[in-house]
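Residue numbers (the working numbering), protein chains in the order written: chain A, 10 to 182; chain B, 4 to 499.
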């Protein structure tokens, strides 16, 4: 389907992608309101719809890439809020922790799978969420991440290895 | 199957299960995009609400942080609890020669009789309050409410209609419980004759029998000092003519809603919620709660898979937010704090006076150098984790588990205690309480974990876990890395 040229066409164009967009928002920014993230993404898509290139992916993968971008902003905004509250509690001689996803998720060594995923790098998290939790193929995941399928496979491999480390021997379910 | 393949399989299964319960797309109004008046502007994309498209939603934290303190949300909550201190006669409501008034008086059930006069035992507390138009109370377990009408031509009769009840699961029901509940509902069905003798109210429904209530003497206060020193646990939300408990709004399979208020001596308020922590500067003068300098911090929020339960939870959250932001009235009576005539909190955990001024200390623990205390703690309980440092500086214990939210800390000598509340149903049974600062890997301390007050314990202090390990021992994990220890009998556990 080609990119829409009017508002009616835009609504029809994005509607099939709303569920995967929502799912990705929930995975990437679990503490943000998915309605807000998706809405922000739709506004951005509306602004950029003329940039959509069907040769580089489906409408869904294009929209998911925008959601990933908006979710990252939402998560960083939340981290900023956390640091404002946490600052008073930091030990005097201890530098403030980096604003990593670990901080937002409250990572500890005995975390369950979701918490362990939150400890991955942003790229690894995105690959895991797209491939495993949204059920995208490797090719589709690559389209969202704007990289080759081989890169997706290696990213997923690294992510699984890191998850095994984080979960210790608890990788049997 | 090698370890990578096992992880692949685990992720695949986890993803499939997650997709199965996440089937609802975001609420956005795509149709509005094509409306002629909007043309190609961006504003048409708005979430759908009950009243149609509205402005873009803000997250709950954003709402808390909004400078404008609106009262719209609170205004949507119909106030049904009248001022219990006002005599009904002042409002022209029925009163007796003895001065007792049917309305605006809290009544406690003391006796029941069937229609034939046979007495029925009162085996569980029940209460009633009449206002001008509404009856509300409890039926020994659930909250009840309904409309009432007292006609001038028949002042000794009160017509009860639309009696509604919550649907809480009533556990631990004594013998006679069901009969009591049924009898209360039977008598309060239709037109009821009432009379007051002394402190006693008798309600008679000729077809069902009688209910005898006694005036529940009040200990009501609006002294701000009475707010301090407790962890006030939300127990009831009253909306319109229907009362609902938080636990019954979210289904039994969902995380139990746990909202508590801590009023600190330094004039701040800490609100702990299932999904966020709010701190604010507070004024409780003039029987009003005024919140300023509100700061909110979200934490990992347990997902409620069931859409109905999730929607109910969100409605409940909205009511709490709206009431607390609306400069609500408040009073304490009978160990209960009522806010905005809508939110009823019970004094759950009594914090030591030395602790009450510290406010929220921390929500997340970051870094290494931690050690772990494990205990089984019911949701809603106040947990004290004490670390007595033997070799290094004092640092309040923190928690790396989102099952706990910190309430406050207190210091006594070399011992530092942080008080937490268990907030998550799914993970509160195992607590990873981290003591010490990230650089204190060699710090030796003695840790105690104590349940101060659990919701179902009826108060009091009970030691949940005191375990011992000698210096240099291995459990609950090597120094510098979190681990787990099983609670056992004995003295405190010594960590290095």
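Cβ coordinates follow ideal geometry from the N, Cα and C atoms, glycine included.
With a threshold of 9 Å between beta-carbons, can residue i be considered close to chain B, or not?
i             : result
residue 122/A : yes
residue 60/A  : no
residue 144/A : yes
residue 48/A  : yes
residue 89/A  : Confidence at residue 89/A is low in this model, with a pLDDT of 46, below 50, so its placement is unreliable and no value can be given for it.
Output, in chain order, the set of chain A residues within a Cβ distance shorter than 7 Å of residue i.
i             : result
residue 28/B  : 27, 28 and 31
residue 21/B  : 142
residue 264/B : Within chain A, no residue comes near residue 264/B; the closest Cβ sits about 18 Å away, beyond 7 Å.
residue 115/B : Ordered by position in chain A, no residue passes the 7 Å Cβ test against residue 115/B, which lies about 49 Å from the chain.
Can you tell me the Cα-Cα spacing of residue i and residue j, whole angstroms?
i             : j             : result
residue 171/A : residue 129/A : 7 Å
residue 167/A : residue 123/A : 16 Å
residue 273/B : residue 209/B : 51 Å
residue 154/A : residue 309/B : 31 Å
residue 33/A  : residue 322/B : 29 Å
residue 333/B : residue 238/B : 15 Å
residue 240/B : residue 345/B : 6 Å
residue 17/B  : residue 26/B  : 15 Å
residue 265/B : residue 235/B : 6 Å
residue 23/A  : residue 53/A  : 12 Å
residue 227/B : residue 342/B : 13 Å
residue 107/B : residue 149/B : 15 Å
residue 181/B : residue 330/B : 40 Å
residue 28/A  : residue 60/A  : 22 Å
residue 165/A : residue 314/B : 35 Å
residue 217/B : residue 202/B : 6 Å
residue 176/A : residue 147/A : 24 Å
residue 160/B : residue 178/B : 32 Å
residue 290/B : residue 225/B : 6 Å
residue 7/B   : residue 76/A  : 29 Å
residue 81/A  : residue 57/A  : 18 Å
residue 130/B : residue 287/B : 28 Å
residue 212/B : residue 119/B : 7 Å
residue 296/B : residue 195/B : 50 Å
residue 186/B : residue 29/B  : 47 Å
residue 156/B : residue 197/B : 14 Å
residue 35/A  : residue 149/A : 19 Å
residue 223/B : residue 336/B : 4 Å
residue 199/B : residue 127/B : 22 Å
residue 168/B : residue 230/B : 30 Å
residue 45/A  : residue 73/A  : 15 Å
residue 206/B : residue 163/B : 12 Å
residue 294/B : residue 262/B : 17 Å
Strictly below 8 Å CB to CB, what residues from chain A border residue i?
i             : result
residue 7/B   : 166, 169, 170 and 173
residue 343/B : In chain order: nothing, as chain A lies at least about 25 Å away.
Identify the residues that DSSP records as bridge partners of residue i: which are they?
i             : result
residue 188/B : Paired residue(s): none; residue 188/B is not in a bridge.
residue 138/A : In the DSSP output, where bridge partners are listed per residue, residue 138/A has none listed.
residue 140/B : 131/B and 147/B
residue 106/B : 133/B
residue 112/B : 216/B
residue 286/B : 293/B
residue 143/A : Per DSSP, none; premise fails for residue 143/A.
residue 208/B : 212/B
residue 237/B : 348/B
Is the CB of residue i under 9 Å away from at least one CB in chain A?
i             : result
residue 270/B : no
residue 325/B : no
residue 17/B  : yes
residue 188/B : no
residue 218/B : no
For residue i and chain C, any beta-carbon pair shorter than 9 Å?
i            : result
residue 51/A : Here chain C cannot be found, since the structure's protein chains are A and B.
Residues of chain B with a CB under 7 Å from the CB of residue i: which are they?
i            : result
residue 35/A : 25
What residues of chain B sit near residue i, judged by a beta carbon separation below 8 Å?
i             : result
residue 137/A : 14
Give the residues of chain A in contact with residue i, contact being defined as C-beta atoms less than 9 Å apart.
i           : result
residue 4/B : Under the 9 Å cutoff, chain A gives no residues; its nearest Cβ is about 10 Å from residue 4/B.
Using a threshold of 8 Å, is the CB atom of residue i nearer than that to any non-hydrogen atom of the ligand GDP?
i             : result
residue 224/B : For the structure depicted, the ligand GDP is absent and the ligand set is empty, with no information on it obtainable.
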